[in-house]
Each structure stands twice: as C-alpha cells, then as structure tokens.
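Enquirer: Residue numbers for the sequence shown follow the UniProt record's numbering, beginning at 1 and rising by one.
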Amino acid sequence: MKTNIVTAVTVSLLSMTAIAQKSEIKDARDAVEDGNYAEAKTQLQKAETMLSEANDKWTERFYLYKGQAYLGDGEKTSLEDLKTAAEAYKKAQEMGNDDEAVQGFDAVRNALVQSAVNDQNTEEYMKASDKLKYSYELNNQDTLYLYYAAANALNAQDYTKALEYYEDLKELGYDGSGVEYSAINVESGEREILPKEQRDLMIKTGQYEDPKEEKIPSKKGEIAKNIALIYIQEGEDEKAITAIKDAKKENPDNIALIQAEADVYYKMGNKEKYNELMESILEKNPNDPNIYYNLGVTAAELGDNEKAINYYKKALEIDPEMNNARMNIVVAILAKERDLIDEMNSLGMSKEDNKRYEELEEERKEIYAEAIPYLEEVVEIDPDNTDAIRTLLNIYNQTGEEEKAAELKSKLE
C-alpha cells in the first residue's frame, strides 16, 4: 500500500512537470510569433531543465522554437545566437522535422551570409570572416564561403587565420572559377556579391536590384599569391617562393600564377625578377594594357624612365582611356628635369656658365614641350584632375603661354 502511494505521487509529479513544460514551450511559440525573442528564450530556458521528461513530439517542438527564437529576425543576430539556432534546427531535423527545420537551417545560413556582408560594408572584417567560416562549417560543400572567410581574415590582418583558411582551400583543390552573382543594395547603393539563391531572394523582397552574372577565373593563382604574401608579411620569404613554385608545378603556364609570383618578387623588392616574369606574361598575353602599365611602373622605379614611357605608350595604344598611364608618362618625362635643375643651380656667373645655363634652359623647354600634349589630354579626359591642372599651369607659366595659363587658372579657381 505504501509503495502504491509513492508511485501515485511520482506519477502525479511527472504529469505536473510535463504540463508545465508544455505550457512553457507553448509560451515560447507564442512569443516567437509575436517577435518577442527575448521572452521566448526565457521560456525555453525554463522548459529545457525538464526536457528529459518530454515526449518526442514536444522535444521536437522545443528545438524548432529554440531555433526560431535564437535566429530572431536574422538582421542583427549575434554569431553565438546563430550557432545556437543552427544546432537547434539540426536536432529538430534529427527528430523527424524535415520541412520547418530544414527551412530554418537554411534561414540561419542566409542570415550568416547577409550579416557577414553587412560586416564587410562596415569594415568589420574579422566578424565577417567568423560568420562565413561557420557558414562553411554548416555545409562544407560551400567552399566559396571558406574563400571569403579567408579574404576577410586577410583584410582584418589576422594572418594566422587567413593562412589557415587559404591552406585549407589549397588542400581541398579549390578552384573558384564559375559564375559570380551580384546585385545593387537598394539602401546603400553599392553592388554586392551574393550566393545566387540569396541574391534571387533579395531581388524578390525588393532589398536588391539590377542583378548581374559574370564569369570569374580560377582563384588558384590568387590563393597561392596570398599564401606567399602572408609568408612575406611574417618575414618568411623562402616559404613564400616555395608556395608559388608548388602551385606552378601543376600549372606552369598559368598566367595568374606567374602574375602571383611576380607580385611576390615585387613585394620582396626584387624588381628585376618581377620584370622578367612580367615580360614572360606579356609574351603569352600581348594585348593586356595592365601588364604594360605595371611594367612601366617598375621600370620607372628602377630609374629607367625611357623604358617606362615606352611601356606606358604601349598601354595607351591598347587602351586610349587609360589616363593614369598618360599621367605617368608626364611624371617620367618631367623626371628628366631634375638633373637639369641640379646642374643649373650649380653654375656660376662666368661667360661659359651663362652659356651652359641657356643650353640647359632650352633643354628644359624641350622637356616641357614633350610633356604638354599628354597633360592637355589628361585634363581633357579628366577635367577635375587638379594635380594635372596645376602641373600644366606651372608649365604654361614657365613657357610664357599666358592666355592658356589664365584659362587654366580660372578653371582651377
């Protein structure tokens, strides 16, 4: 008889526990439907202490509502809450809820990516990296998210994580070629790159517009380059070169990898090797104005202004709108003036010195005459380029072209 009384009491307590738990789970559901996620979390925390007494049906509902509560509106949800939501949806799915749980799980991944995009836009690169890395962990088929996680870690100057992620991508044989999907964020006016499904969803909601699709080349060269640049940043130049050479073993003629190797040597200060590699790229791709432009920059840095000018002219032949090449021609031409000025300042007042001064003055005018057409084209193409306008104005004053100088002065004012 005593045993029966205890059993009855135990059954009564279990029944009361189940009723209380059901009530709290229902309250959590109602709070979620009202958008009161904080209250939903409170109710769920109470119910969780009694979860072992619940049947499968109510346990499944508990995890479903927990996922919804911790996901919240998804816009400003923290990474920790999104992780909690993802785990809850996983458990709900394991218990047989295939529809709502899968949709919720996908919503978490979309929220992670959108939140990461927002972090990128505010230059909170490490936050973006962590969210993208977790999104990749939720589905390791989406290696694109690991790639963007690495890029954001690099922007955040967290070289340890960036190197880890890039090495993982290299180990996975990540290529990255395919199609890039983008659209304009209506609120910010900026074009953003998004996964296709998310981009299409955002277009439907009206938050994004003007969708575009663009073919993108392999990322292997960029990944190899970034691994090498991180090693350089860490003072390990030999590892940097080894990283590039390893990548080139599979694709010795890959232009992206040769460009990456050239960039590494440039970063190391070995501009001669950089030029050698860039020339080899030029042989494979002779109609790329950017290659000529970059060769012009390094030639100028090495002090060979004539060679630099020739490279810039080649770039302009291919792309006449490349105004920065035109401006660099001016810089290279005017660089020749420096030696003339130094010599002019060193001369005395003798007859011979005066004669030499006049000769140098004529040479200086010839330099100006060579630079003027390029400067005039720069200003014509880019009338707001104040540096070009000031330079041209100064030359007009030096050469006595008063009318042109006055016109430019009024434009500058």
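Using N, Cα and C, we set each Cβ at its ideal position, and we do this for glycine too.
What does DSSP give as the partner residue(s) for S182 in the beta ladder?
Expert: According to DSSP, S182 bridges with I193, K212.
Enquirer: Using a threshold of 7 Å, state whether the C-beta atoms of S177 and A149 are closer than that.
Expert: Result no, Cβ atoms of S177 and A149 do not sit closer than 7 Å.
Enquirer: Using alpha carbons as the reference points, say which of I367, L412, V264 lies closest to L334.
Expert: Ranking the options by Cα distance to L334, first place goes to I367.
Enquirer: Roughly how many angstroms separate the alpha carbons of K76 and A47, rounded to a whole number?
Expert: Taking the straight line from one Cα to the other gives about 26 Å.
Enquirer: Assuming Y89 and G67 are in contact, meaning their beta carbons sit under 8 Å apart, how far apart are those beta carbons, in whole angstroms?
Expert: Contact holds; Cβ gap of about 4 Å.
Enquirer: Could you tell me if G400 is buried or exposed, where buried requires 16 or more neighbouring beta carbons within 10 angstroms of its beta carbon?
Expert: Per the 10 Å Cβ criterion, exposed.
Enquirer: Verify whether the separation of the beta carbon atoms of V32 and A38 is less than 7 Å.
Expert: No, the pair does not count as a contact, with Cβ atoms beyond the cut-off.
Enquirer: To the nearest angstrom, how far is the alpha carbon of N397 from that of L295?
Expert: Cα-Cα distance, rounded: 33 Å.
Enquirer: Can you give me the Cβ contacts of I193 inside the same chain, cut-off strictly under 8 Å, excluding the 5 residues immediately before and after it?
Expert: Within the same chain, I193 has close Cβ partners E180, Y181, S182.
Enquirer: Within 10 angstroms of its Cβ, does M349 collect 16 or more other Cβ (buried), or is it exposed?
Expert: Classification of M349: exposed, given that the 10 Å Cβ count is below 16.
Enquirer: Between K267 and I223, which are expected to be in contact by the criterion C-beta below 8 Å, what is the C-beta distance as a whole number of angstroms?
Expert: That pair is no contact at about 16 Å.
Enquirer: Going along the chain, which residues of its own chain have a beta-carbon closer than 8 Å to the beta-carbon of D353, five neighbours each way excluded?
Expert: Correct list, in chain order: L347.
Enquirer: Starting from the C-beta of D175, find all residues in its chain whose C-beta is less than 8 Å away, skip the five residues before and the five after it, and write them out in chain order.
Expert: Closer than 8 Å at the Cβ level, and outside the excluded window around D175, lie S218, K219, K220.
Enquirer: For L302, which option in N270, I255, I341, K365 has the closest C-alpha, if you only look at C-alpha atoms?
Expert: Checked all of N270, I255, I341, K365; the closest Cα to L302 is N270.
Enquirer: Measuring CA to CA, which of N139, Q141, A92, E124 is closest to N155?
Expert: N155 has its Cα closest to that of E124, out of N139, Q141, A92, E124.
Enquirer: Please name the residue in V113, A299, A388, A86 whose C-alpha comes closest to that of N323.
Expert: Considering only alpha carbons, the answer is A388.
Enquirer: Please classify Y174: does DSSP put it in a helix, a strand, or coil?
Expert: In this structure, Y174 counts as coil in the three-state DSSP scheme.
Enquirer: Ends of the alpha helix (DSSP H) at G104?
Expert: Element bounds for G104: 99–121.
Enquirer: Check residue 416 in the structure and name its three-state DSSP category.
Expert: In the structure displayed, the chain extends from 1 to 413; residue 416 sits before or after that span and is not available.
Enquirer: Unbroken alpha helix (DSSP H) runs of length 4 or more, entirely within the stretch 262–294: which are they?
Expert: Fully enclosed alpha helix (DSSP H) runs of 4 or longer: 271–284.
Enquirer: Please report the straight-line C-alpha distance between T242 and Y274, rounded to a whole angstrom.
Expert: If you take the alpha carbons of T242 and Y274, they lie about 16 Å apart.
Enquirer: For K127, tell me which candidate among F105, N97, A86, E80 has the shortest Cα-Cα distance.
Expert: For the residues F105, N97, A86, E80, the minimum Cα distance to K127 belongs to E80.
Enquirer: Would you call G104 buried or exposed, if buried means 16 or more other Cβ atoms sit within 10 Å of its Cβ?
Expert: Buried: at least 16 other Cβ atoms inside 10 Å.
Enquirer: Check whether the Cβ atoms of A315 and P289 sit closer than 7 Å, and answer yes or no.
Expert: Yes, these two residues count as a Cβ contact at 7 Å.
Enquirer: Could you check what DSSP says for N345 in three-state terms: helix, strand or coil?
Expert: N345 falls in the helix class under three-state DSSP.
Enquirer: May I have the straight-line CA-CA distance separating E343 from N118, to the nearest angstrom?
Expert: Going from the Cα of E343 to the Cα of N118 covers about 57 Å.
Enquirer: By Cβ distance below 6 Å, which residues in the same chain neighbour N110 in space, the five residues on each side in sequence not counted?
Expert: The residues are Q198.
Enquirer: Taking all protein chains shown into account, decide if E261 is buried (16 or more other Cβ within 10 angstroms of its Cβ) or exposed.
Expert: Under this definition E261 is a buried residue.
Enquirer: So the alpha helix (DSSP H) M126 belongs to, where does it begin and stop?
Expert: 125–138 is the span of the alpha helix (DSSP H), which, as asked, contains M126.
Enquirer: Using 10 angstroms around the beta-carbon of K249, count the other beta-carbons present and answer buried if the total reaches 16, otherwise exposed.
Expert: The residue in question, K249, is exposed, as its Cβ has fewer than 16 Cβ neighbours within 10 Å.
Enquirer: Out of curiosity, what's the CA-to-CA distance linking V330 and E370?
Expert: When rounded, the distance between both Cα atoms is 8 Å.
Enquirer: Give the secondary structure of L302 by DSSP, where H, G and I count as helix, E and B as strand, and everything else as coil.
Expert: L302 falls in the coil class under three-state DSSP.
Enquirer: Using only alpha-carbon positions, find the residue among Q114, N139, K26 that is nearest to E60.
Expert: Out of Q114, N139, K26, K26 has the C-alpha closest to the C-alpha of E60.
Enquirer: Tell me the residue span of the alpha helix (DSSP H) that contains N397.
Expert: 386–399 is the span of the alpha helix (DSSP H), which, as asked, contains N397.
Enquirer: Report buried or exposed for E276, applying the criterion of at least 16 other Cβ atoms within 10 angstroms of its Cβ.
Expert: Classification for E276: exposed.
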